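Residue numbers (the numbering used here): 3 to 237. Using N, Cα and C, we set each Cβ at its ideal position, and we do this for glycine too. Bear in mind that the values here come from a model prediction, so they are computed numbers and not experimental data. I have placed the structure first, in the form of structure tokens, so that the comments after it can refer back to it.
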């Protein structure tokens with residue numbers, strides 16, 4: 003079984019981050035890895051009941067950390083599906099379903115189409131889902147569909163996400179902060195040097211921004227609304 007979800011087309015994604023990584027086959031038979039160009043979230047419009055129509059027969063399968071792999075033979079649901087949903091296979095022989103996918107509240111959000119040779123989720127067609135092309139699978143063909151996303155590549159992705167969060171939580175200096183630095187320390191370089199930090203180290207510059215913001219907050223708290231120093235009450 004694959005350890006990650008895969009989507010061929012960029013149009014499947016509801017949010018997306020360009021990120022180059024790679025996939026291996028789960029059997030270790032491929033000599034070269036398969037390139038991945040991005041990672042994101044896919045909200046797949048699905049049929050959740052095989053023999054019904056109307057709003058109650060439709061749902062959405064929410065898939066996280068899906069790898070955008072244009073050269074993949076098909077879209078793949080990987081092992082993370084079992085972490086997020088209750089997945090069962092099998093069913094009555096005369097049923098159109100060969101298994102179901104249920105959310106944490108027990109609601110069916112998709113089923114596997116018994117008419118297909120593989121475990122394939124039944125998607126919604128237009129206008130609720132995209133227009134799908136013909137299947138790539140040929141009658142009697144043999145396919146290797148299990149892929150593996152190496153742990154080292156997963157770590158690279160997690161590190162990338164953590165850096166992105168850090169930038170959002172501690173962005174670059176605003177115009178006001180730059181003016182404050184220039185007034186009190188001439189430049190960021192001088193401020194960092196006073197505080198024992200290096201301008202060529204991103205970690206030090208990030209720490210410096212936090213210090214500047216803390217100092218500016220303290221200055222603001224020391225004056226009243228009219229800019230006059232606040233009176234301190236001695237204890």
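Residue nearest to residue 107 within the set 88, 123 and 167 is 88 (criterion: CA-CA distance). The C-beta distance from residue 78 to residue 4 rounds to 5 Å, short enough to meet the 8 Å contact threshold.
In this chain, residue 184 is not harboured by any beta strand (DSSP E); it is covered by the alpha helix (DSSP H) spanning 177 to 187. Secondary structure of residue 210 (DSSP, three-state): helix. Taking 8 Å as the cut-off, the Cβ atoms of residue 99 and residue 84 do not count as close. Straight through space, the alpha carbons of residue 57 and residue 68 are spaced by roughly 27 Å.
Distance between residue 153 and residue 201, taken at the CA atoms: about 33 Å. With contacts defined by Cβ atoms closer than 8 Å, residue 148 and residue 28 form a contacting pair. Here residue 140 carries a coil assignment [DSSP, helix/strand/coil]. Its chain contains 125 and 127 as the residues whose beta carbon lies nearer than 8 Å to that of residue 134, once the 5 sequence neighbours on both sides are disregarded; these appear in chain order. Nearest to residue 39 by C-alpha distance, out of 12, 81 and 31, is 12. Taking all protein chains shown into account, residue 193 has 16 or more neighbouring C-beta atoms within 10 Å of its C-beta and is therefore buried. Contact check for residue 74 and residue 60: beta-carbon distance about 26 Å, past the 8 Å limit, so the pair fails to qualify. Assignment of residue 7 by DSSP, reduced to helix, strand and coil, places it in the coil class. Residue 107 sits in coil when the DSSP states are folded into three classes, being neither helix nor strand.
Note: residue 38 is bridge-paired with 23 in the DSSP secondary-structure output. In this structure, the straight-line span from the alpha carbon of residue 216 to that of residue 207 is close to 14 Å.
By the Cβ neighbour-count rule, residue 196 is exposed, with fewer than 16 other Cβ atoms within 10 Å of its own. One alpha carbon belongs to residue 51, the other to residue 210, and they sit about 57 Å apart. Residue 43 carries a strand assignment under DSSP once its states are collapsed to helix, strand and coil. Annotated three-state conformation of residue 220 is helix, per DSSP.
Looking from the CA of residue 97, the closest CA among 105, 118, 82 and 81 belongs to 118. In this structure, residue 15 lies near residue 70, with their beta-carbon atoms less than 8 Å apart.
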